[in-house]
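As structure tokens, the structure follows; a few thoughts come after it.
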Amino acid sequence: MYKIEETIKKLNISSLTELQKKFFEEFKKDPSSNYLLISPTGGGKTAIAEILMLANSGKSVYVSPLRALAQQENDKLSKFRNTVLMIGDVYVDEPEELQFDILVTTYEKFDSVIRRNYQWLEDVNLVIVDEIHNLKDKQRGQSIESLLEYCLETGKQIIAMSATIGNPEEIANWLNAKII
């Protein structure tokens with residue numbers, strides 16, 4: 002399902018951070034678990050997400066708090082795989098018939114997508130949720146919680162990431178995730 006080593010070579014990554022080494026060691030043992038990645042900014046969380054999405058033989062979704070961050074990730078990932086950027090100010094023709102390997106979106110847009118229950122959602126097997134600490138945000142937390150509940154109910158693998166989460170054990174328990 003995941004071609005990790007092949008993808009790392011393809012990306013010309015010569016060395017991994019300690020977080021990345023630890024994650025991929027654990028991931029090799031249990032590639033179907035949910036994971037909560039906690040590391041300071043610059044620790045390599047986003048690179049882990051990118052490697053996983055590019056190594057995934059199925060469809061992936063990258064969910065970001067910011068449209069600019071989503072645009073940046075889409076620009077990076079589109080060099081290697083078929084991506085679709087779906088954010089508030091980018092109109093997607095016929096969203097019910099999207100063809101992609103990786104969907105890059107924001108919390109609110111993905112919440113809207115799952116409420117429409119498009120057929121292609123069945124083909125998504127990996128959802129990356131960046132900046133999961135935004136769960137505590139009064140305005141955005143509900144969208145994040147909704148999309149995570151959707152993933153749990155439909156069996157989508159979740160990789161959640163944060164540099165500043167305050168309650169990792171509680172979140173990991175809810176997501177049935179391993180903390181790295």
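The sequence shown maps to residues 2 to 181 in the working numbering. Backbone N, C-alpha and C fix where the C-beta goes; we use that ideal spot for every residue, glycine too.
Determine the burial state of residue i: buried for a count of at least 16 other Cβ atoms within 10 Å of its Cβ, exposed for fewer.
i: alanine 161; result: buried
i: aspartate 1; result: What is shown of the chain runs 2 to 181, which leaves residue 1 out entirely.
i: serine 144; result: buried
i: alanine 56; result: buried
i: aspartate 76; result: exposed
i: aspartate 124; result: exposed
i: leucine 67; result: exposed
i: serine 15; result: exposed
i: lysine 80; result: exposed
i: methionine 2; result: exposed
i: asparagine 13; result: exposed
Considering Cα atoms alone, identify which of the options is closest to residue i.
i: tryptophan 121; options: Met87, Ile129, Glu98, Ser113; result: Glu98
i: glutamine 158; options: Thr165, Ala178, Glu146, Gln100; result: Ala178
i: serine 65; options: Ser34, Val85, Lys110, Asp131; result: Asp131
i: threonine 165; options: Glu6, Thr42, Arg116; result: Thr42
i: tyrosine 63; options: Glu19, Asp138, Leu127; result: Leu127
i: serine 61; options: Phe24, Val105, Leu70; result: Val105
For residue i, which residues does DSSP report across the bridge?
i: isoleucine 61; result: Looking at the sequence itself, residue 61 is serine, so the reference to isoleucine does not match. In the DSSP output, where bridge partners are listed per residue, serine 61 has Ile103, Leu127.
i: serine 163; result: Ile39
i: alanine 178; result: Asn35
i: valine 85; result: Leu104
Under the assumption that residue i contacts residue j (Cβ atoms under 8 Å), give the Cβ distance between them as a whole number of angstroms.
i: glutamine 21; j: glycine 45; result: 5 Å
i: isoleucine 103; j: leucine 78; result: 5 Å
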